[in-house]
Every structure is written in structure tokens, then in C-alpha cells.
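Chains as they are written, first to last, in my numbering: chain X, 1 to 212; chain D, 1 to 265; chain W, 1 to 218.
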């Protein structure tokens, strides 16, 4: 493996990292919205949330990306490949994050909520000042987990032509005929990215953990 | 007469923390001994050492005259006994746990019969027949086909006692047998233990039920900070005026149990 | 939506589905077996083996499935492993699944209350008997939900095998769709098929969990 080749892979890794980061964050925001819908008092939003989560967790990401890739133009949205990929990853991760958040919400100890009620807080205040912060704190580890999963799942955007780490590795391997070396290096880069996320997650956890 | 249990110079540490220190104990056959004391006094650890669920760091344990786990070697230092030897000596001991520890995927009958089938190699039908007789001893034949998840805490503990009895140990050890039970369920378990005592079983019981201990035990051992602070018959130990250290401990129990302690001879 | 086309292509679609099952089910079985072997090796095999396996399995869990498949299929010939696409696919799914099941089973072993094992040794059962009669049954019950989830994950991963030309469901339907320029419809159909499969498997799993409730701690 020479430096120029490795450099190309690094560029691919940057695309992968950037794409994943954007998708996880947007997915978190969307996930919060969907989680909110799943906890709504009316049936409509609850049904929608339930169907959304079921669909985006039940259909393989590859199929979701293919669907998006072919449906978007039909809807008149001509997005560049990488934007479409980001949309696809976001929609997918939002479903998982919504479920994680829901779990976090339902696991807020009942005693804390009752304490809020006894001290006179309104339902809205309880939601905003007790349930939401605690739920988010409980869910942080799973957001980090999602980030790692998205990092790996993003390898599929290579199929819709985005120049991520996997696509770059494929291109290189098909021209230098050294697939083992190339893909192994790509794999190693994925592992490095994973470690970075895990490490970052630990730091974040410690910083936010002061309020325990 | 060989003591059923003989403990000499027993010590155990977890890291820097010396949980048991210089314990000497003798339990005679047919005798009921109760270990009492505050949390952290080491009473459960001592019991678990007797069952070799914890390995003692110093000292000697003899069960029916046979060393358990470690014995003094030819050079005077202690050496670990072979696994087969440890298993053999342990067969004379039955253990009942605070958390019952019934196997959830087996029925009550299945739990009691398990060791009969796989350790004593009894055929299934014979094992189950014998298991039923032990369930009868604890009064649970009608629940034989139920799973632990379908039994109350008191029933589960009685099944656990039957399971331990089925291997016909010479000694029964009880680690806080009623501490996990709702108050109204402790009675049924204590009754079973009383009957076993009346039948002459050698028993060592770690318990918080001071009243029960005073009634049933011939030998009370009060542990504090890993050492035996007080020892004797129930009459001796609970005679008023109470030893100040015992009084300090009993004050926390002056609800049901201790108030029944009237030791007027 | 062209229903005539669907009706015509049904045999072919069913073949693709059968191939998906061929990749998924044997792969899952091998993955559970492999995961169990790995978990037992890690537990009883000593520190060195534990470390080595920890690293190996960590690498498989930490890299994308697609990259692993490419390594097997395109890289295989270079180390004498000239695999056909379906074989590579099956091996890929099995290895990937093994790494995850090893963790799931490890977690199961850790979740069995220590007291159950102590009770077994107190009553005289040998280590092997305790493993067979107490640990394994309890672990099986404890890991059921996580295992059903993993099963579904593996099924979704089989779609990726279409990239190395395994003729499973995704390859089949996208193939038909491209012949008739019905890309979006094909993708929709595909999504629907997987959605149904996933929901069915999930429901079956939850049903099984319910029926086995009495064998678990209250």
C-alpha cells in the first residue's frame, strides 16, 4: 500500500465520517419528533410513529436507499447523490433513535415524576424539566451506539454511487488487483473511526455525567 | 464424639478488608447453631466458607472430621485438596439460600429430583418418587408440577429445603432463609426448620429472626466485625442484663423478634 | 402498479425468496452454533484464547458487512479460497452472525444468577452437568428476545449479498424491475416483501417469548 492510495482511502473515510455525523444528528432531531408522536395522546400520530418505526427498522437499508434513489426523481427532487444518501441514512437512523428515546422516556423512574406532581408542577413542566432531560441522559449511550451503526451502514451508499470509503476501496481494488490489502485497510479505517466515536462518547458521557 | 463441624483459626479477606478473623467454632451432631450479628459482621461469609462457596484464606475447616478444601501439608503449610476430595466432603452438607435459587426451568419436583437423577444416577421414576417424599416433608406435594414462577416465596424456599434434604446431607446450612420473604410467609418456612431441628438434623442458620433463634438454637454465635463476640446457649447469651455489644445490636431488632426474648430461668 | 407483471414474475420472485431463505436460515443456525462455541471458548479456554477471540470478534462487529463480503468474495481467490457467490454469502452471514451471537450469549451467561450455579454445585452436580442442565437452558431463555432481533438483522443483511450477484430476493426483483424500467415499483415491492417478513418474524418471536414466560424467574 503506497501513500497516494492510502490518501485516496483517507479521503473516502472523510466522506464516510462526514456523512455519518450529519445523518446521526439529523436523525436524532427527527427521532425526537417521531418519539414525541409515539407518545401523543391522539391515535393518529401514534399510528404514524408506529408504522414509521416498523417500516424503517424492518426494511433493509439497501432497499431503503434504492427506494429513495428511484422515487426522489419521480417526486421532482433531483438531489445530488450524497444528499440523497444523507436523507436515506437520516430516515433510517431516526426510526432506531425514536425507539431508543421512547425506551428512555418510559424508563424515567416513576418516583421522580410523582415527586414533581406533589411539588405542584404542571404536566408540561414535568415533561420539559424532568422527563425530557432524564430521558435524554438515559439515551446518550444508545446515540453513540447508533453513530457506530450508521458508520458501518453508510458503506451501502457506495451502491448508489457516493464516493465513500467503501466505494473508494472498490475502485482502487478493481484497478490494482489487490483486494485483500485494499479492503483490509478500509476495514481498519472503519475501526479507527469506530474507536474515535466510542472515545468521543466516553468523553461526552463524563462531561454530561456530572449531573448524576 | 467427632464434632459435625470444627473450625479453627478461620480467616478470610476481600482485598484489604478482613471479613473473618480468627474464627474458632465447634458444632456437635444434632445441634442447631444460629449465627447472628449486624450486617457486614461476616456471618454469611462464614456460612459460605463452611459450604466452600467461598475459600478461606487461613485456618482449618473439618466436616465430620474430614478437612474441607485445604489441609495442612507434609511441610506444615496448607495445601489445596484434590477436587474429588472436596466434592466428597461437601456431599455431607446441604445449603439453603436467601434467594432460594430454584432453577426456573424445572418444576418443583424437577428441582428436587435433579441431583438424585444426575449425581446419584437414579432412574427418573425412582428419583421422582423419592423427590415426592421430600416434598411431602415440607408439605408441598400438591405443588409438585408447578414452576418456581408459579409459587409463592415461602413455597419456593420450602422446595429449596426439600432439594437440599434430598441428597441426605449430615448437616444443613441456612443463609438467612426468611430474609427475602414477606412477613406472613416466614412462618411456614420457620415451621419446616423447627421440624427438621426436632428430627435431630445438625444445622447452622444465619438469621435475623432473633426470637426464632432463641427458641430453636442450642448454640448461639454472635458475630461482630468478623470475630465471635459472644457465644453460648440461648439462655446464656440472652440472659439479662444483656452484654452491651449484644444490646447495641438487639436494639435495632426490638420489633417482633427481640421483644419475645424473655430469658427468665 | 403493473399487476400483470407481478403475476408473471411470481415464480422467479419466489425463487429469489427461497434463495434469501437459503442464505438466512442456515447462516443463522451456523451463527448461533459459532457464537455458542466462541462464548464457551472464551469462558473456559483461558486468558489468551479469550483475548484473541475478543479481538477477532470485535473486528467483525466493528467493520461493515459489505466490506467483509468483498474481502471474502474478491479477496478469497488470492489466498486459495475461490468461492462462488452463494458460498461466500453463506460464510459471510455465518461469520458476521457468530460475532454478534457470541456477545449475546456471553451476556446471557453473565445474566444467569450466580446463586443458581452455586445451588447446583452444592447439591453435587459436576461443572459439565451444571453447564448442560442449568446454564444452557437458562441462557437460552434469557437470550430469546435479543436472538430474535439478531435473526431479523441477519435477514436484512442478506439483501447486501445481491451486490456480489447472489440471486436472492433483492437481486431478483431489481433485475426484473430494470428489465421493465419499473425501478420505483420494484423498490416498493421489495420494501413491502421485507417489511412483511420482518413483521412476521418479530411477531413469531414475541409469541414464543410469551409462551415461555412460565420457565423464567417471576
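For glycine and all other residues, C-beta sits at the position ideal for the given N, C-alpha and C. Values in this document were obtained by computation on a predicted structure and should not be read as measured data.
The beta carbons of residue 9(D) and residue 224(D) sit no closer together than 8 angstroms. Nearest to residue 126(W) by alpha-carbon distance, out of 42(D), 119(D), 129(D) and 160(D), is 119(D). Residues of the same chain with a CB within less than 8 angstroms of the CB of residue 24(D), apart from the 5 flanking positions on each side, are 7, 8, 9, 10 and 228 in chain order. When the alpha-carbon of residue 5(D) is set against those of 42(D), 149(D), 206(D) and 66(D), the nearest one is in 66(D).
Taking the CA atoms as reference points, residue 5(W) sits about 11 angstroms from residue 185(W). Within the model, the alpha-carbon separation for residue 116(X) versus residue 240(D) is close to 50 angstroms.
Cβ atoms of residue 185(X) and residue 9(X) come within 8 angstroms of each other, at about 6 angstroms. Inter-residue distance for residue 40(D) and residue 18(D) is about 11 angstroms (C-alpha atoms, whole angstroms). The beta carbon of residue 34(W) sits closer than 8 angstroms to the beta carbons of 94, 95, 97, 98, 101 and 102 from its chain, once the five residues preceding and following it are set aside; these are given in chain order.
The C-beta distance from residue 131(W) to residue 24(W) rounds to 29 angstroms, too long to meet the 8 angstroms contact threshold.
Counting only residues of its own chain and dropping the five nearest sequence neighbours on each side, residue 69(X) has a CB closer than 7 angstroms to the CB of 84 and 160.
Shown here is that no member of the stretch 109 to 133 of chain X has a Cβ falling below 8 angstroms from a Cβ of chain W. Identification of chain W residues near residue 179(X) by a Cβ-Cβ cut-off of 8 angstroms yields 70, 71, 74, 75 and 78, ordered along the chain.
Spanning the alpha carbons of residue 163(W) and residue 169(W) requires a straight line of approximately 12 angstroms.
Put simply, the stretch 125 to 144 of chain D touches the stretch 154 to 163 of chain D. At least three CB pairs are less than 8 angstroms apart. The alpha-carbon separation between residue 13(D) and residue 48(D) amounts to approximately 13 angstroms. Shown here, residue 105(X) sits in a helix according to DSSP, grouped into three states. DSSP, read as helix, strand or coil, puts residue 143(W) in coil.
Residue-level contact by beta carbon fails for residue 145(W) and chain D, as no gap is shorter than 8 angstroms.
DSSP links residue 66(D) through a beta bridge to 63(D). Here residue 209(D) is buried: its Cβ has 16 or more other Cβ atoms, across all protein chains shown, within 10 Å. Between the stretch 105 to 114 of chain W and the stretch 130 to 147 of chain W, the count of Cβ pairs shorter than 8 angstroms is three or higher; the stretches touch.
With respect to chain W, the C-beta atom of residue 6(X) has no partner C-beta closer than 8 angstroms.
When DSSP states are grouped into helix, strand and coil, residue 94(D) belongs to the strand group. Listed as beta-bridge partners of residue 73(D) by DSSP are no residues whatsoever. In this chain, the alpha helix (DSSP H) harbouring residue 112(D) covers 108 to 118. For residue 19(X), the uninterrupted alpha helix (DSSP H) run begins and ends at 3 to 38, by DSSP. Within 7 angstroms of the CB of residue 209(W), no CB atom of chain D is found; the nearest one sits about 14 angstroms away. Counting C-beta atoms within 10 angstroms of its own C-beta, residue 96(X) has 16 or more neighbours from the protein chains shown and is therefore classed as buried. Cβ contact annotation for residue 193(W) (same chain, cutoff 7 angstroms, sequence separation greater than five): 169, in chain order. Taking each of 220(D), 53(D) and 83(D) in turn and checking the Cα distance to residue 236(D), the smallest one comes out for 220(D). Just so you know, the alpha carbons of residue 113(X) and residue 123(X) end up roughly 10 angstroms apart.
Burial is judged here by how many other beta carbons sit within 10 angstroms of a residue's own beta carbon; residue 69(D) has at least 16 and is buried. Around the beta carbon of residue 46(W), fewer than 16 other beta carbons lie within 10 angstroms, which makes this residue exposed. In this structure, DSSP gives residue 102(D) a state outside helix and strand, which the three-state scheme calls coil.
Within chain D, the residues placing a beta-carbon under 7 angstroms from that of residue 215(W) are 104, 105 and 147, ordered along the chain.
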